[in-house]
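102 is the number that the working numbering gives the last residue of the sequence shown; the numbers go up by one with no jumps.
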Amino acid sequence: MRFLWLLMYSLLCAILLACFSNIHDISKYIFSLGALYVGMRFFRRFEQIGFRIWFIVISVLFYFIFSLIYALYTQLGITAP
Numbered sequence: 022m023r024f025l026w027l028l029m030y031s032l033l034c035a036i037l038l039a040c041f042s043n044i045h046d047i048s049k050y051i052f053s054l055g056a057l058y059v060g061m062r063f064f065r066r067f068e069q070i071g072f073r074i075w076f077i078v079i080s081v082l083f084y085f086i087f088s089l090i091y092a093l094y095t096q097l098g099i100t101a102p
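Structure representation (structure tokens):
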């Protein structure tokens, strides 16, 4: 169950960071604060150093995956019908 929480927190943090890096408006800082808040909630909930390290590693991996998907999406120019 704790592994599922780790994945969910990491996924949410990665999505917020990907939104922060891809939005070019002043509202992008809301996503940055959201990612900071999610990280603080995770660190408060799980005090083991191993879980904290895995949270950071998995979040960064998910962030790179989502950024790659977004970059491919924008380069392909896929539009809605």
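Note that CB positions come from ideal geometry on N, CA and C, so glycine has one too.
With 16 or more other CB atoms across the displayed protein chains lying within 10 angstroms of its CB, Leu-38 is buried.
For Cys-34, same chain residues with a beta-carbon under 7 Å away, outside a window of 5 residues either side, are Ala-56, Val-59, Gly-60 and Ser-80 in chain order. Per DSSP, reduced to three states, the secondary structure at Ser-48 is coil, with no helix or strand assignment. At the C-beta level, Leu-32 and Phe-83 come within 7 Å of one another.
Tyr-30 counts as buried, since no fewer than 16 other beta carbons sit within 10 angstroms of its beta carbon.
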